[in-house]
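These protein sequence lines map, in sequence, to chains A, P, C and X.
The first sequence begins at 1 in my numbering and counts up one residue at a time.
The second sequence begins at 1001 in my numbering and counts up one residue at a time.
The third sequence begins at 2001 in my numbering and counts up one residue at a time.
The fourth sequence begins at 3001 in my numbering and counts up one residue at a time.
Let me begin by presenting the structure, written as structure tokens, before commenting on it.
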Amino acid sequence: MSQNAYLPKLGRIAAIKEEVAGARAIKTFRIEFVNGDGFEHDCGQCAMISVFGKGESMISIASAPHVKDYKQFSIMRTGRVTTALHDLNVGDVVGVRGPYGNKFPVKDWKGKNLIFIGGGCGLAPIWPVVQTAVNERRQFGNITVFYGGRSSRDIMYRNELEKLKGDVDVHLSIDAQEEGWDGYCGFVPANVMTKAPKADNAIAITCGPPIMIKYVIQNLKELGFEDDMIYTTIENKMKCGIGKCGRCNVGKDYVCVNGPVYSWAALKDLPQEY
Amino acid sequence: MIDVAALKAHAKSLLEKGSVRAVIGYRKSTAGLLAEPATIADADATDDLIFDPTCVQNLALYLVNDKKERVHSRSDDKRPIAVVAKGCDSRAITVLLQEKHFPRESVHVIGVSCEGTGVVDARKLAKKLDGKKALSVNFDGSEAFSITTEDGAQSIPAAEVMAERCLECRSAHPTLSDMTFGEAKSERALHAPFQAVKHKMKDEQDNRWAFWARQFDRCLRCYACRSVCPMCYCEECVVDSINFAVLPDTTADEKADRIKWIERSPARSETAMYHMVRAIHLAGRCVDCAECERVCPVNIPLRLLNTRLEMEAFETFEYNPGSDMNAPTLTSSFRDTDPNSFIR
Amino acid sequence: MANAVETAKDETGFEPKIVAFLCKWCSSAGSDLAGVSRLQYPSNAVPITIMCSGSMSPMFVLSAFNKGADGVLVSGCHPGDCHYLKGNFFARRKIYLVQKLLQFVGLENDRFRMSWVSAAEGVKFAGVVDEFVKDIKKLGPQTRLKAKR
Amino acid sequence: MTKTVAMEKMLNKADLAAWMGKLDSHRLFSPALEDEDVWNYMPVEEAAKVLLNHPNTVRPPKGFVFPQREVLYEYSQVPGEAPVLNETLPDPAPAVVFGVRPCDSRGLVRQDIVFTKEYEDPYYQGRRAKVIYVGQACNQPPSPNCFCMSVGGSPCAEDGLDVLMTELDGKYHVKALTPRGSELLAKGGELFKDAQAADKAAVEKAHASAKAHPQRPIKDLGKVAGALKANFDSPAWDEMAKACIGCGICTFLCPTCHCFDISDEVKCSSPCKGERVRTWDSCQFPDFTMHTSGHNPRETLGSRLRQRVCHKFLYFVENHDTQQCTGCGRCVSLCPVGIDIVSVVERLGQP
Chain A
1 MSQNAYLPKL GRIAAIKEEV AGARAIKTFR IEFVNGDGFE HDCGQCAMIS VFGKGESMIS
61 IASAPHVKDY KQFSIMRTGR VTTALHDLNV GDVVGVRGPY GNKFPVKDWK GKNLIFIGGG
121 CGLAPIWPVV QTAVNERRQF GNITVFYGGR SSRDIMYRNE LEKLKGDVDV HLSIDAQEEG
181 WDGYCGFVPA NVMTKAPKAD NAIAITCGPP IMIKYVIQNL KELGFEDDMI YTTIENKMKC
241 GIGKCGRCNV GKDYVCVNGP VYSWAALKDL PQEY
Chain P
1001 MIDVAALKAH AKSLLEKGSV RAVIGYRKST AGLLAEPATI ADADATDDLI FDPTCVQNLA
1061 LYLVNDKKER VHSRSDDKRP IAVVAKGCDS RAITVLLQEK HFPRESVHVI GVSCEGTGVV
1121 DARKLAKKLD GKKALSVNFD GSEAFSITTE DGAQSIPAAE VMAERCLECR SAHPTLSDMT
1181 FGEAKSERAL HAPFQAVKHK MKDEQDNRWA FWARQFDRCL RCYACRSVCP MCYCEECVVD
1241 SINFAVLPDT TADEKADRIK WIERSPARSE TAMYHMVRAI HLAGRCVDCA ECERVCPVNI
1301 PLRLLNTRLE MEAFETFEYN PGSDMNAPTL TSSFRDTDPN SFIR
Chain C
2001 MANAVETAKD ETGFEPKIVA FLCKWCSSAG SDLAGVSRLQ YPSNAVPITI MCSGSMSPMF
2061 VLSAFNKGAD GVLVSGCHPG DCHYLKGNFF ARRKIYLVQK LLQFVGLEND RFRMSWVSAA
2121 EGVKFAGVVD EFVKDIKKLG PQTRLKAKR
Chain X
3001 MTKTVAMEKM LNKADLAAWM GKLDSHRLFS PALEDEDVWN YMPVEEAAKV LLNHPNTVRP
3061 PKGFVFPQRE VLYEYSQVPG EAPVLNETLP DPAPAVVFGV RPCDSRGLVR QDIVFTKEYE
3121 DPYYQGRRAK VIYVGQACNQ PPSPNCFCMS VGGSPCAEDG LDVLMTELDG KYHVKALTPR
3181 GSELLAKGGE LFKDAQAADK AAVEKAHASA KAHPQRPIKD LGKVAGALKA NFDSPAWDEM
3241 AKACIGCGIC TFLCPTCHCF DISDEVKCSS PCKGERVRTW DSCQFPDFTM HTSGHNPRET
3301 LGSRLRQRVC HKFLYFVENH DTQQCTGCGR CVSLCPVGID IVSVVERLGQ P
């Protein structure tokens, strides 16, 4: 790559949608590149978003690769950069560089049943796969989405999930009973167990808090999923995005280059330093 | 002369009886002449313990590290940990106790006398031996070191190769201990206390700035001085202003609003601030173990900087860090007679 | 603080930037009195109100110099008059140490100053600032601890 | 490094200064005392005073191409408007660094792998192209903790160098290893005489005797990676790291360590003006890997020691088929508490 990989392209915030409010607020930013700059990406890849004067953060791209006009990022307000991002308005310009990392091997999954299992803001990294699968609906078998939040107010992509129904089996859950909630109450791994998706010709894609992932994988294995049928993403602190700064190094891998997408077969051989 | 065999036997019996969790002491290193700190939990391994003039490190640091590790591992072993402590180490432990860093009963202090001679300065020794590699250094009476090289043993006057701090040491004997080995020689005073600082103070102010500016410019910001200091126990240091102790209930705002006092760049202004903040934070707490200066890979005279305020504490406020664990600290106390004339 | 320090520079000559940390109960009120009494004194001091001189962190002093202050003033209540009874006694000790350190490192003596100014001493406050500005003008801009920006 | 450019010459020791004098289109650096006992690469002020029999420098020469602080770009942004970015690629004047020890030049080769494989780092490349390395074979080990030969190097290794000089009686044997090196020798003109068979024999003898100096051994280098992998969960890591104080000496002063941080240095908050800079960072610092959530994948000293050793002797080997340690011995000599990578590898890197 002859270009300066550290220099971000400029993107204008075209729309901001508040997904979740409160202390762990999540907003979805639609960013359009300025000056005809930009890049294409694959499902699962990330981009480094800059707020000048604050710093950079690695964020997974939540829009599907076939959406060319903009990139979408769903970001939880958690630190210096993300707080600054949440304070921005439509029209403000940020830096975006990328795309970084590997991808979900979606092409290899054609004809298979896809089972998505997300928790909290962990829906965002796998959302491009959901979108791609729905966009090319006839190429895939059954599509099932399990998704849960702490409460009904913590469910992101609410409208989008509603729209999926019909094409896709959607099973929402919240941790504790609430009035007016007609979905499942309890943790996501338990919800998966009650619906017991079949492992035949299936791929499971999961992302969420580490503890959720741990139990989801345990349960999937009980349901007969092999290690190479389970995919997840991991994260580490990152600075450069191109495998040089050494920060996201886990074993011989750099998460920003060799990750963030891992099959459980590959991930279980990696040291647990993520 | 200190009886190392008795020291080993004491450590062994403590571990055999199970009255301590571990013994923090010194053992021979593979990396060079200086001893290495060792945390020994196995009674049989106490035979590795040594005590000679190569035992330079301040082991009070490992009490601080031990506490951090216990919090992290959620250990519920309530037994004390034993630590071998020279005069300066014991003063550091006293300051930690004074600041209630840990309770007195959580530490068993094995005091060791560094006799009349203190510890060795590896750089001075290397010069003295003119290229020959020292294999071992031992106490040799109260005024000399016995040094072994390939050519055999020789006796060298301790004052010639002794660490600077030891030459100015005001209380060489442990001030606090549960058990002491070696002869009680508290007065050494080979040099007048604060001699180096006073000498530097005589310099013109502009020259002093030129001197310090050059030193700050050379700093690598490896933070070894901070890491080795038993008094630098803050969970969160001003230099790590972005990354600080985050608890599950730390909010995004708290993380975002963190003040970045110092940039990471090794620029003179930032490095000056780093070293000066450390000097201020050490005022009335620095026990002059001079570990900061010893570990500095580029030889920045940090002891000179940090003892400046110790001199003030001692001479202006009659305050001697590490002498009394029950006294109020320097900056949490005052007297009506404190200097006032500098105020307008 | 970075912006507070960026006060206008006189085209005709050097106008020192002074950061004045004033205790809320005495010195800050004293500076207000100087203002409402329409006393003539230089406008070089940027006041920052702190709760008590005893709450003054040495970090603030070093940070002000780092960000380009030509002088730093700390001012509190007279001994015995502290709103919190003894905060200024702690301050006296701490500031004394900070001053000694700054001098040892080689910052010019006249760049860091402490004063006792009561709420009634508008005239004294004006005098302290006036004198401070004059002394710093003799020294010129502070370059030693200032970050290159 | 091919035979076609290898050129062997002899230079009288007294003529070193004259040669340096002919290189005045370059900035010249050589090892000199930065402070008492602290050797560093310093600009050559008086060529006649340059002696190339120095002990190993405290700082490796990596800063010439990977400085501790590098401004990546400057930015300025008025709120609500698009920022203006100003790329600050380095364009240094050409430099020649004398007295580079072979371990350090082998470190450079490892940095080249990191910074030029897959993505070329333009900042590194910009500087790398402008620095010529003149090596100095170690007739005597420059540090008591040298172990270059245990990690595949040698006191007269040539990788990464443009020129290798070997001190012989009253003379330097000077071997050009790259076209850049040949040009440098060509500038010396008449000062250089062709090396004769006797000179070549003498230099071979000097190299053989240098290699014969006893060094700290690592047995079975080929098996170290596998053993480290097998011992990944050993409690010995924590035990050996007990004394570690978590400073950055071992990594900052390592000729191969390349980890860095990127941060914003704000000069003015409104309008927002500042620089995005990268600075050296260390895997030994506790906050190196800490997530924003506070979760830290390598929270303990043991896990960080393991990262340092495994990165050098396992991960780098898996990725690039060579160790990321060149045996300069700095981390051993300068560790405040005697943590010794050779001993660690001896203990956990042996089957």
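Think of the CB as a built atom: it goes at the ideal place given N, C-alpha and C, for glycine as much as any other residue.
Closer than 8 Å to chain X by CB, residue i
i	result
residue 92/A	yes
residue 16/A	no
residue 1265/P	yes
residue 1227/P	yes
residue 1057/P	yes
Chain P contact for residue i (CB, 8 Å cutoff)
i	result
residue 2005/C	Low per-residue confidence applies at residue 2005/C: pLDDT is 48, beneath 50, and the placement is therefore not dependable, though the value from the model is reported in the following sentence. So, not an interface residue.
residue 2118/C	no
residue 2056/C	no
residue 3252/X	yes
residue 28/A	no
residue 275/A	In the structure displayed, chain A extends from 1 to 274; residue 275/A sits before or after that span and is not available.
residue 1/A	Because residue 1/A sits at a pLDDT of 41, beneath the cut-off of 50, its placement in the model cannot be relied upon, and the following sentence gives the value as read from the coordinates. Output row for residue 1/A: interface = no.
residue 2002/C	Low confidence applies to residue 2002/C: its pLDDT is 45, below 50, so where it sits in the model is not reliable, and the reading given next is rough at best. Taking Cβ atoms only, chain P never reaches closer than 8 Å to residue 2002/C, which makes this a no.
residue 2105/C	yes
residue 22/A	no
Chain X contact residues for residue i, given Cβ-Cβ distances below 9 Å
i	result
residue 1286/P	What residue 1286/P touches in chain X: nothing, since even the nearest Cβ is about 17 Å away.
residue 1072/P	3299 and 3300
Identified DSSP bridge partners for residue i
i	result
residue 3134/X	3163/X
residue 2023/C	2050/C
residue 1109/P	1083/P
residue 1162/P	1120/P
residue 3039/X	3033/X
residue 275/A	Since the first residue of chain A shown is 1 and the last is 274, residue 275/A is not available in this structure.
residue 3074/X	3086/X and 3275/X
Residue i versus the options, residue with shortest Cα-Cα distance
i	options	result
residue 1155/P	1250/P, 1144/P, 1149/P and 1165/P	1144/P
residue 101/A	59/A, 19/A, 183/A and 145/A	59/A
residue 1047/P	1068/P, 1004/P, 1031/P and 1062/P	1004/P
residue 1072/P	3298/X, 3324/X, 3310/X and 3327/X	3298/X
residue 1280/P	2062/C, 2043/C and 2013/C	2062/C
residue 3234/X	3310/X, 3207/X and 3325/X	3310/X
residue 2013/C	2149/C, 2139/C and 2146/C	2139/C
residue 1341/P	2134/C, 2116/C and 2048/C	2116/C
Under 8 Å by beta carbon: chain P residues contacting residue i
i	result
residue 84/A	1256
residue 3076/X	Near residue 3076/X there are no residues of chain P at all, since even the closest Cβ is about 18 Å away, more than 8 Å.
Chain C contact for residue i (CB, 8 Å cutoff)
i	result
residue 1138/P	no
residue 1279/P	yes
residue 1218/P	no
residue 1201/P	yes
Listed by chain order, chain X residues near residue i by CB distance under 7 Å
i	result
residue 1034/P	3338
Under 9 Å from the C-beta of residue i: neighbouring residues of chain A
i	result
residue 1240/P	Those within 9 Å of residue 1240/P in chain A number zero; the least Cβ separation is about 13 Å.
Beta carbon proximity, residue i to chain A, threshold 8 Å
i	result
residue 3286/X	no
residue 3002/X	Low confidence applies here, because residue 3002/X scores a pLDDT of 43, under 50, leaving its location unreliable and the question unanswered by this model.
residue 3289/X	yes
Chain-ordered chain C contacts of residue i [CB-CB under 8 Å]
i	result
residue 998/P	Coverage of chain P is limited to positions 1001 through 1344, which leaves residue 998/P absent and any answer about it impossible.
Closer than 8 Å at the beta carbon, the chain X residues around residue i
i	result
residue 1299/P	3035, 3036, 3037 and 3038
task = Kindly provide the ranges of any alpha helix (DSSP H) runs that are 4 or more residues long and lie completely inside the region 154 to 191 of chain A, ordered along the chain.
result = Counting only runs of 4 or more, we get 158 to 164.
For this session: Could you name each continuous alpha helix (DSSP H) segment of 4 residues or more that falls completely within the region 54 to 86 of chain A, going from the start of the chain to the end?
Result: List check, alpha helix (DSSP H) in window: 80 to 86.
> Residue ranges of each beta strand (DSSP E) run of no fewer than 3 residues wholly in the region 3218 to 3287 of chain X, ordered along the chain?
Replying inline: DSSP runs (the beta strand (DSSP E)) wholly in the region 3218 to 3287 of chain X: 3260 to 3268 and 3272 to 3280.
For the region 1277 to 1328 of chain P, which segments carrying the alpha helix (DSSP H) assignment without a break, of at least 4 residues, lie completely within its bounds, in sequence order? With a minimum length of 4 residues, the continuous alpha helix (DSSP H) runs that stay inside the region 1277 to 1328 of chain P are 1291 to 1295 and 1302 to 1315.
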